[in-house]
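Participant: In the numbering used here, the protein residues as written are 113 to 827. Each residue gets a CB set at the ideal place from its N, CA and C atoms; glycine is no exception.
1) For residue 520, which beta-bridge partners are listed by DSSP?
2) Taking 8 Å as the cut-off, is the beta-carbon of residue 315 closer than that to any non-hydrogen atom of the ligand NAP?
3) For residue 509, count the other beta carbons within 10 Å of its own beta carbon; 16 or more makes it buried, fewer makes it exposed. Which is it?
4) Do residue 623 and residue 636 count as a contact pair if the criterion is CB distance below 9 Å?
5) If you scan the segment 234-317 from start to end, which runs of the beta strand (DSSP E) of 3 or more residues do you find wholly inside it?
6) To the nearest angstrom, report how far apart residue 820 and residue 358 are at their CA atoms.
7) Which residue from 658, 562 and 651 puts its Cα closest to that of residue 672?
8) Does DSSP put residue 565 in a helix, a strand or coil?
9) Would you identify the three-state DSSP class for residue 810, choosing helix, strand or coil?
10) Would a C-beta distance cut-off of 9 Å place residue 336 and residue 309 closer than the cut-off?
11) According to DSSP, is residue 622 part of a helix, a strand, or is it coil?
12) Let me check understanding here. Comparing Cα to Cα, which of 591, 246, 669 and 213 lies closest to residue 356?
13) Quick check on DSSP: helix, strand or coil for residue 220?
14) Quick check on residue 307: buried or exposed, where buried means 16 or more other Cβ atoms within 10 Å of its Cβ?
15) Could you check where the beta strand (DSSP E) with residue 585 kicks off and where it finishes?
16) What residues in its chain sit with their C-beta under 7 Å from that of residue 217, if we drop five residues either side in the sequence?
17) CB-CB under 6 Å to residue 658, same chain, minus the five flanking residues each way: which ones, in chain order?
18) With 16 other CB atoms within 10 Å as the buried threshold, where does residue 498 fall?
19) Which residue spans inside the segment 329-357 form an unbroken beta strand (DSSP E) run of at least 3?
20) Could you please give the first and the last residue of the uninterrupted beta strand (DSSP E) stretch that includes residue 376?
21) Select from 593, 369, 561 and 414 the residue whose C-alpha is nearest the C-alpha of residue 253.
22) Count the other CB atoms, across all protein chains shown, that sit within 10 Å of the CB of residue 462; report buried if there are 16 or more and exposed otherwise.
23) Is the segment 484-493 close to the segment 538-553, with three or more CB pairs under 8 Å?
24) Taking all protein chains shown into account, decide if residue 91 is buried (16 or more other Cβ within 10 angstroms of its Cβ) or exposed.
25) Is residue 420 buried or exposed, if buried means 16 or more other CB atoms sit within 10 Å of its CB?
26) Under 9 Å between C-beta atoms, does residue 365 make it to chain D?
27) What does the alpha-carbon distance come out to for the pair residue 692 and residue 768?
28) How many Å lie between residue 384 and residue 316 at the Cα?
29) Measuring CB atoms only, is the segment 268-277 touching the segment 390-407, in the sense that at least three cross pairs come out at less than 8 Å?
30) Tell me the DSSP secondary structure of residue 495 in three-state form.
31) Judging by CA-CA distance, which residue of 352, 396 and 565 is the nearest neighbour of residue 215?
32) Could you pull the DSSP bridge partners for residue 231 from this structure?
33) Looking at residue 398 and residue 603, is the spacing between their C-beta atoms short of 9 Å?
34) State the Cα-Cα distance for the pair residue 569 and residue 590, rounded to the nearest angstrom.
35) Three-state secondary structure (DSSP) at residue 393?
36) Return yes when the Cβ of residue 823 is within less than 9 Å of the Cβ of residue 701, no when it is not.
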């Protein structure tokens, strides 16, 4: 798969050259420049983002849950129509033969003066997708957007004879459209008779408004017009077309788009990912903190780009070669670098696949409480009701002073959330059998032990209500055991480990989004647990983390285990141990490695070093990842409850994962050496760069995974 356009940051020297060229060139002469073979490879894509070989899965629009079935049916119909229709065909758009309007009426709130307008703010994702892809933009380049939009408007917009409400931040006024300037995306208007106007904090007379219109040449941007409702259906497409243009320039278009990759299909590169992101945000599919970061990055990038344009314009108007101008060029290069860095971050969030793959590098805001001021530790007992028999069993099994060699201080709670919030360093929580509903997030910031008293199916903690997270761990040494966690309708995974070490043992995790996420610098030990139902990956392993999975069942997820390789250069590879796990019945792969493409020279060097059977080797030279037939046979005996399969299938799956990930590690070593060589350092520290991704992989069973036991995705 080709690299996603715009995601690879060019080397320092190339970036400076591009910045200098961008400073020298006027906006209309921005270079595009993707190799022809990349464009040919991209032509095979359907315009969607997703796993290789998988059709795009667009999010639902804002029509509400009651319209989901209709929307699904619509998507199938539209998919077939889009495949057959060309970008310049309008034959099936806006069938005006049907009598009456198909749009709803929008009645102004508390306003009886103005007429009703068309309701166009509840358009589904599929409707916008089809309008932009098939009718408005098609396969245009960024520099052709205005031209294509003008052509689209000319085909569907009524040139005159309709009324609209002109809305600004200060006033609203009713106007009549007498002509349309399609290339300028403006309407020629006159005030309606009778004159209708509403203002905020002031008064506009008829004479004032006529003077204002005269200053504007009686031309108003189409984006500022809302078409007045008409039951005949004659102006439906006019209202829809203006809404599509208005939405496009408010939520999709960026001022720097014309200068980026102009030879590549603008719809695929920018429109579709931004449109998906917008609807994902509307439907609470994106963490709130990530949404805030996206808007912040967008504002920063727009401000820096305005500064860059001002600087470039000042340089283009001067022919001198003064020292001050040289300083300005240097400043321009720095601005360009900052803009490019921000744009890469924006693209990672906009792209639905990469947003899913890399997630959100969230930093926990909670601080650990540390040791209790009195220096004591407390055992917190959670039970909805405490019966004498249950208390006696607890005293015998868990709370006996003899077992702890000291007197135990006990606090009782009716729900797990209050117990977690009351914990300090070294505290222990015992959850008695019962079904507990939790409305908040369980933030575990200290070294705390959370255990169920009984079998996991008897001690159930269920997340109620929509939220970003369920259990988040940042403590240095957190232990969770003998619990069943259930999560519904969430944005993030059921368990996120941001830092520190978390041990998860003898637990059942019933997920709906991502399962367990092991973030950068965090460590997870997961043993004898069962995880299922994730719409994303069952376990997400981030760069720089340590993850040990032993004797677990991971099944009925989109992907079993997703390993995220090198997002940025300074991240270390993760350290992973997979022993005796059963990974089965997942929709995609059992294990997926996501990694960046590498230059051909580095790839060739890595492949040359990885010929034959590859073994993960630590810096000491000890082989720790040899996968042999005898290891499989030894492990398979312990996993009979899941059933036996052919031994060669398991051995092949384990070997394939080990070989591929060892090759990825060697590739990174080659890239590191090359970067050091460019800096003038002739020798690299092999001990630091030869840390392999897998500490151990053996005895894992892969059964009935939709796409196979192991796959890779290149971005």
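Facilitator: So, from the listed chains and residues:
1) The residue labelled residue 520 in the question sits at position 408 within the chain shown. For residue 520, which the question treats as bridged, DSSP gives no partner whatsoever.
2) This structure lacks the ligand NAP, and indeed carries no ligand of any kind.
3) As a working note, residue 509 is residue 397 in the chain shown. With fewer than 16 Cβ atoms within 10 Å of its Cβ, residue 509 is classed as exposed.
4) Taking the first residue of the chain shown as 1, we reach residue 636 at position 524. Taking the first residue of the chain shown as 1, we reach residue 623 at position 511. No. Outside cutoff.
5) 274-279, 283-293, 298-303 and 309-311
6) Here residue 820 corresponds to residue number 708 of the chain shown, with the count starting at 1. Here residue 358 corresponds to residue number 246 of the chain shown, with the count starting at 1. One C-alpha to the other measures close to 45 Å.
7) Position 560 of the chain shown holds residue 672. Closest by alpha carbon: 651.
8) What you label residue 565 is simply residue 453 of the chain shown in a count that begins at 1. Residue 565 falls in the coil class under three-state DSSP.
9) Looking up residue 810 in the chain shown gives position 698. Three-state result, residue 810: strand.
10) Position 224 of the chain shown, counted from the first residue, corresponds to residue 336. Position 197 of the chain shown, counted from the first residue, corresponds to residue 309. Not in contact: residue 336 and residue 309 (Cβ atoms no closer than 9 Å).
11) Walking along the chain shown from the start, residue 622 turns up at place 510. Residue state, collapsed to three classes: strand.
12) On the chain shown, position 244 is the one that residue 356 refers to. Ranking 591, 246, 669 and 213 by Cα distance to residue 356 puts 246 first.
13) Taking the first residue of the chain shown as 1, we reach residue 220 at position 108. Annotated three-state conformation of residue 220 is coil, per DSSP.
14) Here residue 307 refers to the residue found at position 195 when the chain shown is read from its first residue. Answer is exposed; the Cβ neighbour count stays below 16.
15) By 1-based counting over the chain shown, the position of residue 585 is 473. Per DSSP, residue 585 belongs to the beta strand (DSSP E) from 583-585.
16) The count along the chain shown starts at 1 and reaches residue 217 at position 105. If we look at residue 217 and ignore the five residues flanking it on each side, its Cβ neighbours are 228, 231 and 341.
17) As a position in the chain shown, residue 658 is number 546, starting the count at 1. So the qualifying residues of the chain are 635 and 687.
18) As a working note, residue 498 is residue 386 in the chain shown. Residue 498 comes out exposed.
19) Those beta strand (DSSP E) runs which fall completely within the segment 329-357 and span 3+ residues are 331-333 and 337-339.
20) Walking along the chain shown from the start, residue 376 turns up at place 264. Residue 376 -> no beta strand (DSSP E), and no H or E assigned at all.
21) By 1-based counting over the chain shown, the position of residue 253 is 141. Checked all of 593, 369, 561 and 414; the closest Cα to residue 253 is 369.
22) By 1-based counting over the chain shown, the position of residue 462 is 350. With 16 or more Cβ atoms within 10 Å of its Cβ, residue 462 is classed as buried.
23) yes
24) Since the first and last residues shown for the chain are 113 and 827, residue 91 lies out of range.
25) Along the chain shown, one-based indexing puts residue 420 at 308. Taking every protein chain shown into account, the CB of residue 420 has 16 or more other CB atoms within 10 angstroms, so this residue is buried.
26) No chain D appears in this structure, which consists of one protein chain only.
27) By one-based count along the chain shown, residue 692 stands at place 580. By one-based count along the chain shown, residue 768 stands at place 656. Spanning the two alpha carbons is a distance of roughly 16 Å.
28) Position 272 of the chain shown, counted from the start, is the residue given in the question as residue 384. Position 204 of the chain shown, counted from the start, is the residue given in the question as residue 316. Distance between the alpha carbons of residue 384 and residue 316: 41 Å.
29) The segment 268-277, when compared against the segment 390-407, does not touch it at the 8 Å Cβ threshold.
30) On the chain shown, position 383 is the one that residue 495 refers to. Three-state DSSP puts residue 495 in coil, outside helix and strand.
31) In the chain shown, residue 215 corresponds to position 103, counting from 1. Cα-wise, what sits closest to residue 215 is 352.
32) For the purposes of this step, residue 231 is identified with residue 119 of the chain shown, where counting begins at 1. Bridge partners of residue 231: 216.
33) Position 491 of the chain shown, counted from the start, is the residue given in the question as residue 603. Position 286 of the chain shown, counted from the start, is the residue given in the question as residue 398. Result yes, Cβ atoms of residue 603 and residue 398 sit closer than 9 Å.
34) Mapped onto the chain shown, residue 569 falls at position 457. Mapped onto the chain shown, residue 590 falls at position 478. Rounded to whole angstroms, residue 569 to residue 590 spans 21 Å at the Cα level.
35) One-based indexing of the chain shown puts residue 393 at position 281. Reduced to three states, the DSSP call for residue 393 is helix.
36) Position 589 of the chain shown, counted from the first residue, corresponds to residue 701. Position 711 of the chain shown, counted from the first residue, corresponds to residue 823. Result yes, Cβ atoms of residue 701 and residue 823 sit closer than 9 Å.
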